[in-house]
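153 is the number of the first residue of the sequence shown in this note's numbering; add one for each residue after it.
For reference, the structure discussed in these notes is given below.
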Amino acid sequence: MRVTSVGPHGRRDAGRTSLGNVRTVNPDAALPDEPRARLRRQLEDLARNFRWVWDVPTQQLFARVSVDGWEVGHRSPLQLLADLEESTWRDLAADADFVRDADHLHAELLAYVQPGRPPRAPQVAYFSPEFGVAESLPQYSGGLGVLAGDHLKAASDLDLSLVGVGLFYRQGFFRQELVPGQGQLEHYRDIRPEMVGLQKVHGAAATVAVGDENVAVQVWKADVGRITLLLLDTHVDGNSERARHITDRLYGGDQAHRVRQELILGVAGVRVLRSLGMAPRVYHLNEGHAGFLALERIRAQMVSSGASLHEAVEQNRASLVFTTHTPVPAGIDRFPRDLMQTYLGGWCEGVGVSIDELMELGRYADDGPDAFNMAAFCLRVSGRANGVSQLHGAVSRSMFASVFPDTPERDVPITAVTNGVHARTWTSPEVQAIFDRVIGVDWPDASADDWRAVSALGDDELRDARVAARERLVRFVRDRLAERGQTHAAEALDPGALTIGFARRFATYKRATLLLSDRDRLERLLLDGDRPVQVVFAGKAHPADEPGKALLRQVLEVSADPTFAGRFVFIDDYDIGVARALYHGSDVWLNNPVRPQEACGTSGEKAALNGALNFSVLDGWWAEMYDGGNGWSIPSFEEFEDRVTRDAAEVGVLYDVLENEIVPLFYADGRPLSSRWLDRVRHTWASLGPQVTASRMVRDYQDRLYRPIPGRPY
């Protein structure tokens, strides 16, 4: 494989790169060079490897280049560097402290990626339709993509032999604009791959039959620490206009467009790995969107060995792992028979099977005979499958029992690996410093015994960290509102008030407006002069989700109500950066989905690592990790079939707990962050810290789903 990149000493490197070691940092000793040019190359190296996302000193170095350029520019380091004037470069090169720190951090990056070690072919290929690595690389829409990004980062820290495979969306996911009286409007912008940290991979390509045309695919790569992420792109000269737009937007277009995207992800993804000489022992499907990779591997087996369809499925099953994230049938991709005939008819002809035989692999009892269910297909062709929390595993066994008609529901072969979050990506600098000192620098992968050390933390140190993060959130909110021209931005929020955070996709089952359904109690809660409370909301609705957009409009109406005087705010254009600010600064993290429709929901895990206390329905991860002392639960009245009755019952208890337990505890000493509240924070860290990290999650996959592949030692 040939990767065009800039090495640390400025020469263009376009040489053969070892498989599984697709990195761009050059380990050679520093060559004599003009100081300014050398500094520029070091900073570009630091910017091109996404390790900066979870390395606070590197972030601080970029912020020293230009605070405004760093924060206002969505933390896009390559864009930051590209915008610098030559006079600024001269000033930086003349700053001995800055040059020394850049040298040190560049050396740390070299030591971390170990570019001189023998290359390793990747043992695991992790396929996902989206990857949320950084806000500057907008290839994600929400939790699924952020989880995938965290999976890669944890794999890097654990030095797991893994390669990521996804699509490069030229316009990413939409940017959100809020218009009074209309609500959410969507805007898209073209993305220059080189300016978001991607490098073109020469010699890695594939051609895929998509309907009636052959589509060429080119490949970009991102360095995520030690892990290579390959992103497939159909914006290639020679492709038709329609083909060039296959990888235009994340979750855009109709069902036919979705099929075209999933064919590129699955079929071209396998072929690209093959073109690079990579033969992973495990293919991990992060949701069913990548399921067509199984058809490419089955086709290859049938063509090369003459195996039947059934034999090829069985021979490939052992190397496939499928993770489902969907607790409701409506959330699964289903493709009608005519669409499958249009786009997979050629596959059937090529291997000598009928469309009926293919449709049978995707049959799901509740869908009828003319629908191809991607989740059912992935379950039939995969050797191992899992949900993303213990409760979700049980829900999935029930939901997919018909796929295994001769198996009792309790024995349906779907286990569970509870999602985790990449700790250093999401934890505030103040809290990271505490954990580094008290637990040790390896705290993201520390044992439960090690985490108990937080019990000895003093109130003052803990309170100072929490206050600093909340004040930073207030500044972030005021700056964002001022950018949008809101006249009272400077008065928004109170730096000393109990702050409730809520940020997620505006899907109806997440019930973003539940808190608003009792306006009188909300008003009393927020306008209490002695024990002030404030709420910060953020989130996007899918462009085609009209009910979700209606919920968003209701939240916007409340945020615009002068009654609440800046105590209830909505932050637009929800992304990783907005989420990070909210996780750092919130005191309480609110989550009130309709149980059991939240597969996992990792936002509360991120908030908990920052010292927020969760207040949530016992769904997803919270159902297994809540212990009565590390937050609060919202009872779920599942016996009420009528949704209105159920919502009314649950919001009543929600306010009871807020008014009688949460607010009094926060102000128990007559000031914010009482000693008893901080006791709960310490207990939250000790009880949840070792459970919610992506390091724990990836180790679970490694030990339970990657390694035990029969006949295929890991």
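Cβ coordinates follow ideal geometry from the N, Cα and C atoms, glycine included.
Fair warning: this is a prediction, and the values are worked out from it, not measured in the lab.
Cβ separation of residue i and residue j, assumed to be a contact under 8 Å, to the nearest whole Å
i    : j    : result
W206 : T577 : 5 Å
E750 : G772 : 4 Å
P824 : G648 : 5 Å
A306 : H574 : 6 Å
E580 : H736 : For clarity, residue 580 is Ser in the given sequence; the question names Glu instead. S580 to H736, Cβ: 4 Å. Contact.
R486 : D519 : 6 Å
Residue i (DSSP reduced to helix, strand or coil)
i    : result
I379 : strand
W603 : helix
T176 : Because the pLDDT of T176 is 49, which lies under 50, any placement of that residue in the model is unreliable, and the question is left without a value.
P488 : strand
N538 : strand
E791 : coil
A801 : helix
K305 : helix
R439 : In the sequence as presented, Arg is not what sits at residue 439; that position holds Glu. Correct three-state label for E439: coil.
Q413 : helix
K692 : coil
V478 : A small fix is needed here, since residue 478 is Thr in this sequence, not Val. Coil.
T386 : coil
P184 : Low per-residue confidence applies at P184: pLDDT is 46, beneath 50, and the placement is therefore not dependable enough to give any value.
F444 : helix
Length of the line joining the Cα atoms of residue i and residue j
i    : j    : result
N391 : G429 : 25 Å
D522 : T845 : 41 Å
N571 : H303 : 9 Å
P748 : L674 : 26 Å
V503 : L261 : 47 Å
A702 : A608 : 47 Å
P787 : V746 : 11 Å
A775 : E448 : 38 Å
A585 : P596 : 12 Å
A838 : V590 : 12 Å
D794 : S669 : 16 Å
D249 : A620 : 26 Å
Q706 : L765 : 26 Å
I507 : I379 : 38 Å
A286 : I728 : 7 Å
G700 : H694 : 7 Å
L645 : A234 : 35 Å
E414 : A664 : 31 Å
N538 : A546 : 10 Å
S288 : A759 : 22 Å
A717 : L678 : 9 Å
V564 : R834 : 39 Å
R410 : R252 : 49 Å
A295 : L402 : Per the sequence shown, residue 295 should be read as Gly rather than Ala. The alpha-carbon atoms of G295 and L402 are separated by roughly 14 Å.
L230 : E196 : 7 Å
D385 : D400 : 9 Å
Exposure of residue i, with buried meaning 16 or more beta-carbon neighbours within 10 Å
i    : result
M347 : exposed
A182 : Residue placement at A182 cannot be trusted, given a pLDDT of 43 that sits under 50; what the coordinates show is reported in the next sentence. Answer is exposed; the Cβ neighbour count stays below 16.
S280 : buried
V224 : exposed
A690 : buried
G355 : exposed
D682 : exposed
G822 : exposed
L496 : buried
L830 : buried
S308 : buried
L337 : exposed
Q291 : buried
R719 : buried
D672 : exposed
For residue i, the first and last residue of its enclosing alpha helix (DSSP H)
i    : result
K352 : Looking at the DSSP string, K352 is not in any alpha helix (DSSP H); the run it does join, the beta strand (DSSP E), is 351 to 354.
F325 : Here F325 belongs to no alpha helix (DSSP H), and DSSP marks it neither H nor E.
A215 : 208 to 217
H258 : 248 to 265
H736 : 728 to 737
E709 : 698 to 711
N- and C-terminal bounds of the beta strand (DSSP E) containing residue i
i    : result
V655 : The sequence shown places Ala at residue 655, rather than the Val named in the question. Where A655 is concerned, the enclosing beta strand (DSSP E) stretches over 650 to 655.
V360 : 358 to 362
S768 : 765 to 769
S755 : Here S755 belongs to no beta strand (DSSP E); instead the alpha helix (DSSP H) covers 755 to 761.
E643 : From DSSP, E643 is part of no beta strand (DSSP E); its letter is neither H nor E.
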